[in-house]
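Below is one structure, written out as structure tokens; the observations come after it.
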Amino acid sequence: MKKRLYILAIVAGILATGCGQSSNGKEQEEVVVAEDDLNQKITGALDRAEAQYKYMMTRLPEGEFPKTYHADTDKFEASGSEWWCSGFYPGTLLYLDEYKKDVELKNEAIRMLDLLKKEQYNTATHDLGFMMYCSFGNAYRLDPKPEYKEILIQSAKSLSSRFSEKVGAIKSWDSKEGDFLVIIDNMMNLELLFWATKATGDSTYYDIAVKHADTTLKHHFREDHSSFHVINYDPETGAVNRKRTAQGYADESAWARGQAWGLYGFTVMYRETKDKKYLDQAVAIAEFILNHPNLPADKVPYWDFDAPKIPNELRDSSAGAIMASALLELEGYVEAEKAKKYHENAEQMIGTLTTSEYIAEEGTNGGFLLEHGVGHIPENTEIDVPLTYGDYYLVEAMLRYLNE
77 MKKRLYILAI VAGILATGCG QSSNGKEQEE VVVAEDDLNQ KITGALDRAE AQYKYMMTRL
137 PEGEFPKTYH ADTDKFEASG SEWWCSGFYP GTLLYLDEYK KDVELKNEAI RMLDLLKKEQ
197 YNTATHDLGF MMYCSFGNAY RLDPKPEYKE ILIQSAKSLS SRFSEKVGAI KSWDSKEGDF
257 LVIIDNMMNL ELLFWATKAT GDSTYYDIAV KHADTTLKHH FREDHSSFHV INYDPETGAV
317 NRKRTAQGYA DESAWARGQA WGLYGFTVMY RETKDKKYLD QAVAIAEFIL NHPNLPADKV
377 PYWDFDAPKI PNELRDSSAG AIMASALLEL EGYVEAEKAK KYHENAEQMI GTLTTSEYIA
437 EEGTNGGFLL EHGVGHIPEN TEIDVPLTYG DYYLVEAMLR YLNE
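With my numbering as the guide, the letters of the sequence shown map in order to residues 77 to 480.
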């Protein structure tokens with residue numbers, strides 16, 4: 077574990093947008109300079125995560141998976157295993173057990189895996205990477221049981237069933253006839269396919285992942301390297317019918333978590349293929365994010381880079397966590413100057429997300445670790461609440477940092 081001195085400098089008003097606004101709308105002081113050992117902050121946050129997840133176990137309904145929590149009503153919201161977020165809870169437990177060696181967390185993860193394994197046959201979702209690789213992928217990495225391997229292979233088969241040669245992509249959401257919807261989030265599910273080719277020797281999975289990424293690269297991005305959220309293709313010709321948003325502010329806006337998914341996804345694409353065009357895309361996305369005038373000084377993004385009331389808009393802690401984790405991997409693939417930039421920005425993101433502004437007090441927040449996530453503002457759901465994937469990617473980012 078490397079020891080680093082973490083220096084966080086937040087200067088309110090240094091950008092024309094006034095981005096010195098905290099997640100809950102409070103004004104930051106004009107100049108705040110805090111010197112702290114980030115390793116210590118991270119170990120404290122991981123200790124808090126261990127306590128929080130043990131508390132969450134007491135709130136979780138039998139046979140269900142955590143989704144979010146509403147503090148105003150003390151409502152713990154859970155889901156069935158078919159929900160796209162079902163893999164994050166066991167995945168986070170496995171990450172925490174890997175770090176803490178806590179048998180209680182490990183046993184809970186194993187219990188949840190047993191509830192989740194039936195989803196290996198689910199062909200009605202594109203999110204099997206999230207659901208099965210974040211859970212069983214980590215389980216197999218830590219304990220390579222044949223059962224886990226077979227579950228992952230079947231999951232890859234189910235995901236592959238949604239691929240269209242005509243479109244060159246995996247269908248994300250089922251919709252009406254004549255639609256073939258693909259969202260930027262789907263880049264995150266390709267890692268499962270790469271794993272499956274390595275596990276089986278069958279290049280079909282690899283080829284599907286590459287074709288999907290190439291189609292996304294061609295159609296999802298604007299000239300400034302920001303991403304549309306949703307592309308609607310013609311299922312018969314592969315032509316683009318429409319480019320739009322679902323969870324962002326507007327069709328042409330840069331929804332923050334969408335930019336994070338793209339950054340992470342194309343970083344994985346380069347790791348798995350060593351094709352420089354994917355590295356170039358990951359770098360282009362990183363530069364769009366980090367150079368954007370609406371990125372706050374503390375590096376935790378607003379829910380959409382083009383939200384109309386910045387700086388009086390909500391932050392999305394989940395987007396910040398995903399970005400931090402991706403940047404820590406991406407820094408290993410680029411030249412020294414960019415590596416330093418990406419590392420320092422990831423440090424700042426993690427440093428902010430491990431403050432009391434974002435880390436829940438023990439026994440609060442329904443047992444979730446991270447506060448101030450934003451799910452779907454246009455549909456008025458999961459707004460300024462904890463999100464199970466926010467926890468997963470923050471824990472992943474913290475462990476990546478400690479293991480560098």
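Cβ atoms here follow ideal geometry from the backbone N, Cα and C, with glycine treated the same way.
The structure presented is a predicted model; accordingly, all values stated were derived computationally and were not measured.
Where residue i and residue j are concerned, what is the direct C-alpha to C-alpha distance, given to the nearest angstrom?
i	j	result
glycine 311	aspartate 380	In the sequence as presented, glycine is not what sits at residue 311; that position holds proline. Their Cα atoms are separated by approximately 29 Å.
asparagine 100	threonine 428	With a pLDDT of 48 at asparagine 100, under the threshold of 50, the modelled position of that residue is not reliable, and the figure given next carries that caveat. Rounded to the nearest angstrom, the two C-alpha atoms are 14 Å apart.
aspartate 123	tyrosine 468	15 Å
glutamate 447	alanine 358	27 Å
glutamate 103	lysine 416	Bear in mind that the predicted position of glutamate 103 carries a pLDDT of just 38, short of 50, making it unreliable; the figure below should be weighed with that in mind. So the two alpha carbons sit approximately 29 Å from each other.
lysine 319	asparagine 308	6 Å
alanine 188	phenylalanine 164	Checking the sequence shown, residue 188 turns out to be methionine, not alanine. Their Cα atoms are separated by approximately 10 Å.
methionine 208	histidine 419	29 Å
proline 220	lysine 182	15 Å
methionine 263	asparagine 388	30 Å
glutamate 111	serine 303	Summary for glutamate 111: the model assigns pLDDT 38, below 50, so the residue's position carries little reliability; its value from the coordinates is reported in the next sentence. Approximately 35 Å, taken between the alpha carbons.
glutamate 472	serine 279	28 Å
glycine 139	serine 251	29 Å
lysine 247	serine 234	12 Å
serine 231	threonine 430	34 Å
glycine 443	tyrosine 145	9 Å
threonine 457	lysine 375	24 Å
threonine 201	phenylalanine 239	11 Å
isoleucine 229	proline 384	44 Å
glutamate 126	phenylalanine 206	22 Å
valine 109	leucine 406	Confidence at valine 109 is low in this model, with a pLDDT of 30, below 50, so its placement is unreliable and no value can be given for it.
threonine 349	serine 432	39 Å
lysine 353	lysine 294	11 Å
arginine 333	leucine 470	14 Å
aspartate 178	phenylalanine 297	43 Å
Nearest by alpha-carbon distance to residue i: which of the options is it?
i	options	result
asparagine 265	Tyr325, Glu253, Gly338, Ser303	Gly338
tyrosine 281	Ala272, Tyr145, Arg347	Ala272
leucine 191	Leu218, Phe141, Cys161	Phe141
alanine 26	Cys161, His305, Ser162	Residue 26 cannot be examined here, being either before or after the span of the chain that is shown, 77 to 480.
phenylalanine 301	Ser237, Asp261, His368, Ala315	Sequence check: residue 301 is histidine here, not phenylalanine. Considering only alpha carbons, the answer is His368.
alanine 322	Leu204, Ile260, Tyr434, Leu293	Ile260
glutamate 241	Ala285, Leu293, Asn479, Thr431	Ala285
proline 372	Ile386, Val243, Trp159	Ile386
alanine 275	Tyr224, Thr343, Ser157, Gly334	Tyr224
valine 316	Glu299, Ser329, Thr292, Glu328	Thr292
I think residue i touches residue j, with their Cβ atoms under 8 Å apart; what is that distance to the nearest whole Å?
i	j	result
glycine 167	asparagine 214	5 Å
serine 401	tyrosine 465	Between tyrosine 465 and serine 401 the Cβ distance is about 11 Å, and since that is not below 8 Å, they are no contact.
glycine 244	glycine 324	Wrong, their Cβ atoms sit about 24 Å apart, outside the cutoff.
leucine 478	isoleucine 118	6 Å
tyrosine 409	leucine 475	So it is not a contact: roughly 19 Å between Cβ atoms.
Where DSSP assigns a beta bridge to residue i, which residues make up the other side?
i	result
alanine 245	Ser240
glutamate 17	The question about residue 17 has no answer here: the residues shown for the chain are numbered 77 through 480.
threonine 457	His452
phenylalanine 297	Ser303
aspartate 380	Trp331
arginine 391	Tyr378
asparagine 308	Leu257, Arg318
leucine 446	Ile435
Cβ of residue i versus every heavy atom of the ligand HEM: is any distance shorter than 8 Å?
i	result
cysteine 161	As for the ligand HEM, it is missing from this structure, which has no ligand bound.
State whether the stretch 152 to 164 contacts the stretch 133 to 141, with contact taken as three or more CB pairs (one from each stretch) at a distance under 8 Å. yes
Any chance the stretch 184 to 199 sits against the stretch 249 to 262, with 3 or more Cβ pairs inside 8 Å? no
Give a yes or no on contact between the stretch 436 to 454 and the stretch 389 to 400, applying the rule of three or more CB pairs nearer than 8 Å. yes
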